[in-house]
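See below for the structure under consideration.
Residue numbers (my numbering), protein chains in the order written: chain D, 45 to 245; chain A, 45 to 245.
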C-alpha cells in the first residue's frame, strides 16, 4: 500500500496513527506530496479527483480516501480495535471523530486564509468564525475527554491529531491553556508509540 | 428524533434521503435552522460545537453529527441497506460518498466566497481551485456512475444530493453538460421517492 501524505497534514497523521495502533505502520509506503486547494496536483488527481491527502493506493491500483475511509479500511482489513463495531461505543467514537475532523478543517481554513490568500483579501469574520468552532470543540473535549489508554479509538486518535496540529501550526495561541482535563488527556496519549512515531516534522 | 437542518444544505438532504430509503423519513421531526460559518448559532452549538447542519438530537437528549455518522446510525438502527456491511462494496460506497462530500464542500466554499464574503475580498484562484475539484469529481462519476435503482447506497445518495445542490445553486454552470452517463444516472435516480420528497425549496 502507498499512502500519499504530507507530514504536516493532521488528516494524514490520523491514518498513520491508526496504522500504528493496528500494528501495520511498517506495511505502508509513504509518498510525501504537496497539495494546495489553489494548485492542481496531477499525480494525486489520478487517484483522487479532490487532490487531497491522505489518499491510499492499494496494490491492485485502486485507491481509497478520505482519512475516515482509509482508517476504517485498515482497521477492518487487519483486525484492529480502532472502530467499535456497533452500538453506543461506535456512535460515540464516530461523533468524536467528526468533531475532531471539524476542528482540523477549521484550522486548515484559517491556515489557507493567513498563509495562502493574498493579505489584502483576508476576511477577519471568517477567521473569527473558524476560531469559534475550534474553541467550542475544545471546550467540549475538556468537559468530556475521549477514551484513552488501550481504549483509544478513532475518536481519540482524531482528537490527538487535531491537538497535535494546533500545537504545530498555532503554538502561539496556547489552545490548551484553561483546558486542564484535555491537556492531561493529551499528555497521556502523547506517550503512546503511535503518537510519537507520527509527529509532524 | 429531531433533525436540525436547512432545506438548502446538501448534507442535510443526504440524511433525509437516507431516512427515506430506510423508510423512516416520517419518524424524523425536522427543525429548520440557519447556520453560517461567520455567525454563532447557540441552539445548534448546544448539540454540536461546530454549529453545522445536519445535527440529529436523539430522544435521550444526546446528539449525532456529521451527515455520514447520522446516515450510518439511521441505517444500522432501522435495518436499512444503505451502508454495505463489509468488503469491496463497503469501501466503494464510502469512497464514492467521500468524493461526493468533497464536491459539496467545494461548492459550499464557492458559495461562501461569492455570497457571504465582501466582494473586495474575493480570491479568484480559490474559486478556480474549488471548481477544479468539482469538475474532476464529476468527470470521475461520468466515467463510472455509482450503482442506482434498488442497489442505491450511501455513495449514490451522496452523489444525487451533490448534483441536486449544483443544479439548485449553480444552475447557470450546466455542470451536467458533456457528462451524458452521469446525466442519465441522475435522471433515473431523480424518479425515486426519496429524491422527490427531499428536493431543496
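Glycine residues also receive a C-beta, built at the ideal position from the N, C-alpha and C atoms.
Measuring alpha carbon to alpha carbon, tell me which of D/197, D/210, D/107, D/186 ends up nearest residue 154 of chain D. Taking the first chain and counting its residues from 1, one reaches residue 154 of chain D at position 110. Closest option to residue 154 of chain D, Cα to Cα, is D/210.
Residue from A/88, A/194, A/213 with nearest C-alpha to residue 232 of chain A: As a position in the second chain, residue 232 of chain A is number 188, starting the count at 1. Among A/88, A/194, A/213, the Cα nearest to that of residue 232 of chain A belongs to A/194.
Residue(s) in a DSSP beta bridge with residue 63 of chain A: The count along the second chain starts at 1 and reaches residue 63 of chain A at position 19. Beta-bridge annotation (DSSP): residue 63 of chain A is not paired with any residue.
Would you call the segment 160-179 of chain D and the segment 160-168 of chain A touching, i.e. three or more CB-CB distances under 8 Å? Two segments are said to touch when three or more pairs of C-beta atoms, one from each, lie closer than 8 Å; by this definition the segment 160-179 of chain D touches the segment 160-168 of chain A.
Are the segment 114-131 of chain D and the segment 195-208 of chain D in contact at 8 Å, needing three or more beta carbon pairs? Counting Cβ pairs under 8 Å, three or more are found: they touch.
Tell me whether residue 82 of chain A sits in a helix, a strand or coil according to DSSP, three-state version. Numbered from 1 along the second chain, position 38 holds the residue referred to as residue 82 of chain A. It is coil, neither helix nor strand.
Runs of alpha helix (DSSP H) lying entirely within the segment 129-158 of chain D, each at least 4 residues, in chain order: If one requires a minimum length of 4 residues, the alpha helix (DSSP H) runs lying completely within the segment 129-158 of chain D are 131-155, in chain order.
Could you check the C-alpha separation between residue 83 of chain D and residue 173 of chain A for me, to the nearest Å? As a position in the first chain, residue 83 of chain D is number 39, starting the count at 1. As a position in the second chain, residue 173 of chain A is number 129, starting the count at 1. When rounded, the distance between both Cα atoms is 7 Å.
Is there a C-beta anywhere in chain A that falls below 7 Å from the one on residue 103 of chain D? Taking the first residue of the first chain as 1, we reach residue 103 of chain D at position 59. For residue 103 of chain D, the answer is no, since every Cβ of chain A falls outside 7 Å of its Cβ.
Between which residues of its own chain and residue 145 of chain A is the CB-CB distance below 7 Å, once the five residues before and five after are set aside? Translated into the one-based positions of the second chain, residue 145 of chain A becomes position 101. Closer than 7 Å at the Cβ level, and outside the excluded window around residue 145 of chain A, lie 202.
With DSSP as the reference, identify every bridge partner of residue 49 of chain A, one or two as the case may be. One-based indexing of the second chain puts residue 49 of chain A at position 5. The bridge partners DSSP lists for residue 49 of chain A are A/76.
Please go through the same chain and pick out, in chain order, the residues whose beta-carbon is closer than 8 Å to the beta-carbon of residue 180 of chain A, but skip the five residues on each side of it. Taking the second chain and counting its residues from 1, one reaches residue 180 of chain A at position 136. Within the same chain, residue 180 of chain A has no close Cβ partners at all.
Looking at chain A, is there any beta carbon in it that lies within less than 7 Å of the beta carbon of residue 110 of chain D? Sequence index remark: in the first chain, residue 110 of chain D carries index 66 (1-based). At least one CB of chain A lies nearer than 7 Å to the CB of residue 110 of chain D.
Which residues in the same chain have their Cβ closer than 6 Å to the Cβ of residue 57 of chain D, if we skip the five residues on either side of it in sequence? Translated into positions along the first chain, residue 57 of chain D becomes position 13. 205, 242.
Using CA atoms only, rank isn't needed, just tell me which of A/45, A/136, A/61, A/55 is closest to residue 234 of chain A. Counting from 1 along the second chain, the entry for residue 234 of chain A is found at position 190. Of the residues A/45, A/136, A/61, A/55, the one whose Cα lies closest to the Cα of residue 234 of chain A is A/61.
Taking the runs of the alpha helix (DSSP H) that are 4 residues or longer, which of them lie wholly in the segment 82-120 of chain A? The segment 82-120 of chain A contains these whole alpha helix (DSSP H) runs: 86-89.
Tell me the rounded alpha-carbon separation between residue 185 of chain A and residue 226 of chain A. Position 141 of the second chain, counting from 1, holds the residue named residue 185 of chain A. Position 182 of the second chain, counting from 1, holds the residue named residue 226 of chain A. If you draw a straight line from the Cα of residue 185 of chain A to the Cα of residue 226 of chain A, it is about 6 Å long.
From the DSSP output, in three-state form, read off residue 204 of chain A for me. As a first step, residue 204 of chain A must be located in the second chain, where it is residue number 160. Reduced to three states, the DSSP call for residue 204 of chain A is helix.
Proximal residues of chain A, C-beta to C-beta of residue 183 of chain D below 9 Å: Looking up residue 183 of chain D in the first chain gives position 139. Listed along the chain, the chain A residues whose CB falls inside 9 Å of the CB of residue 183 of chain D are 93.
Shortest alpha-carbon distance to residue 138 of chain A belongs to which of D/138, D/113, D/136? For this step, residue 138 of chain A is matched to residue 94 along the second chain. Comparing Cα positions, the closest option is D/113.
Near-chain A residues of the segment 165-194 of chain D - C-beta to any C-beta below 8 Å: Contacts with chain A (Cβ-Cβ distance below 8 Å) from the segment 165-194 of chain D involve 165, 166, 167, 169, 170, 172, 173, 174, 176, 177, 180, 181, 183, 184, listed in chain order.
Does residue 181 of chain D come out as helix, strand or coil in the three-state DSSP assignment? Mapped onto the first chain, residue 181 of chain D falls at position 137. Helix.
So the candidates are A/136, A/149, A/87; which of them puts its Cα closest to the Cα of residue 111 of chain A? In the second chain, counting from the first residue as 1, residue 111 of chain A sits at position 67. Checking every option, the nearest Cα to that of residue 111 of chain A belongs to A/149.
Tell me which residue opens and which closes the alpha helix (DSSP H) that residue 225 of chain D is part of. Against the first chain, residue 225 of chain D aligns to sequence position 181. Its alpha helix (DSSP H) spans residues 224-233.
Would you verify that the beta carbon of residue 142 of chain A is, or is not, closer than 7 Å to some beta carbon of chain C? Here the protein chains are D and A, and chain C is not one of them.
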